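The numbering of the sequence shown is full-length UniProt numbering, which starts it at 1 and goes up by one.
We put the beta carbon where it would ideally sit given N, CA and C, even for glycine.
Here the structure is a predicted model, which is why all the values come from computation and not from measurement.
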Amino acid sequence: MIKEYLKKPALSDVQLTRDTRNIPIGKVGVKDISYPIVVMDKNKSFQNTIARINMYVDLPHHFKGTHMSRFVEILNEYREEIALDKLELILSTMKEKLGASNAHLEMEFPYFVEKTAPVSRAKSLMEYTCTFSASLSDRFDFVLGIKVPVTSLCPCSKELSSYGAHNQRSIMTVQVRYSEFIWIEDLIDVIEECGSSPVYSLLKREDEKFVTERAYENPRFVEDMVREATVRLLSMQNVTWFSVEAENFESIHKHSAYAAIERSKES
1 MIKEYLKKPA
11 LSDVQLTRDT
21 RNIPIGKVGV
31 KDISYPIVVM
41 DKNKSFQNTI
51 ARINMYVDLP
61 HHFKGTHMSR
71 FVEILNEYRE
81 EIALDKLELI
91 LSTMKEKLGA
101 SNAHLEMEFP
111 YFVEKTAPVS
121 RAKSLMEYTC
131 TFSASLSDRF
141 DFVLGIKVPV
151 TSLCPCSKEL
161 SSYGAHNQRS
171 IMTVQVRYSE
181 FIWIEDLIDV
191 IEECGSSPVY
201 SLLKREDEKF
211 VTERAYENPR
221 FVEDMVREAT
231 VRLLSMQNVT
241 WFSVEAENFE
251 SIHKHSAYAA
261 IERSKES
């Protein structure tokens, strides 16, 4: 059966047939591939995790389609080496094997950091959502992103209320380009200081008292949070560009409060 199949004429490559609409495509590829990757860990050398991966290339106007299977083939080719220091090589392989001028690779993955409670010193693992966004055209570009949960306490509520102030969990999302390597853990530390209090996965009673009172003594609007992050990121000499967002999932409103700032040090 196999020998008879191999004797059949070669299958036509429809993707390479000419398209007559004269419209190039900026990004075409595959999305949401679940795949194991290795991430550098400041305290334990490396960390194995699972990423959701998107892979794209550009498509010239004269080709009907790209070869989708080649994206997965490239991942399998580098299956033991999918890490930050291999991204440029993977992108170069994508350009070569798909005949593209531009290649893009996006990864979103959970990253775990051991955190110590502020009073009891109890240790636990805290999960953060991280992203790698890399592209290669004439030059390599890389953006590191992290979503950091914090507590925010409303300054207005504290000023008006006789019995405390409303507070909520917030998400601060930071993306950076850098000239020298930045540890994920260090960037998390910078952003956690911009809220009213950090968030922990494990707190004893004495810890809960501490973080509640710390938040009360350190009220922050979303505007305060992104401005504070901007001050801190501008002071980091190895950061060349950043964007930072804060979203408060309000406890007394149906809506969220939101603020965002983007800065480039090269302009």
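In terms of CA proximity to His255, Gln168 leads the group Gln168, Arg21 and Leu125.
Thr116 sits exposed, since fewer than 16 C-beta atoms from the chains shown fall within 10 Å of its C-beta. Between the alpha carbons of Arg220 and Ile50 lies a distance of about 34 Å.
For Arg177, the uninterrupted beta strand (DSSP E) segment begins and ends at Asn167 to Tyr178.
Taking C-alpha positions only, Ala122 is separated from Phe112 by approximately 16 Å.
In terms of Cα proximity to Ile146, the closest of Ser243, Val28 and Ala259 is Ser243.
In the three-state scheme derived from DSSP, where H, G and I count as helix and E and B as strand, Met68 is classed as helix.
Taken in chain order, the complete alpha helix (DSSP H) segments of 4 residues or longer contained in the segment 178-225 are 184-192 and 205-217. Residue state for Asp32 is assigned as strand, using DSSP reduced to three classes. Under DSSP, the beta-bridge partners assigned to Ile50 are Pro36. Between the segment 206-216 and the segment 226-235 there are fewer than three inter-stretch CB-CB distances shorter than 8 Å, so the stretches are not counted as touching. Under the DSSP assignment, Lys95 falls in the alpha helix (DSSP H) whose first and last residues are Leu87 to Leu98.
With fewer than 16 other Cβ atoms from the protein chains shown falling within 10 Å of its own Cβ, Ser161 counts as exposed.
Excluding five sequence positions before and after Val226, the CB atoms of its chain that fall closer than 6 Å to its own CB belong to Val244, Ala246, Ala259 and Ile261, given in chain order. Under the three-state reduction of DSSP output, Cys156 falls in the helix class. Under DSSP, Arg263 forms a beta bridge with Phe242.
Across the set Phe249, Val190 and Glu223, the C-alpha of Val190 shows the shortest separation from the C-alpha of Met236.
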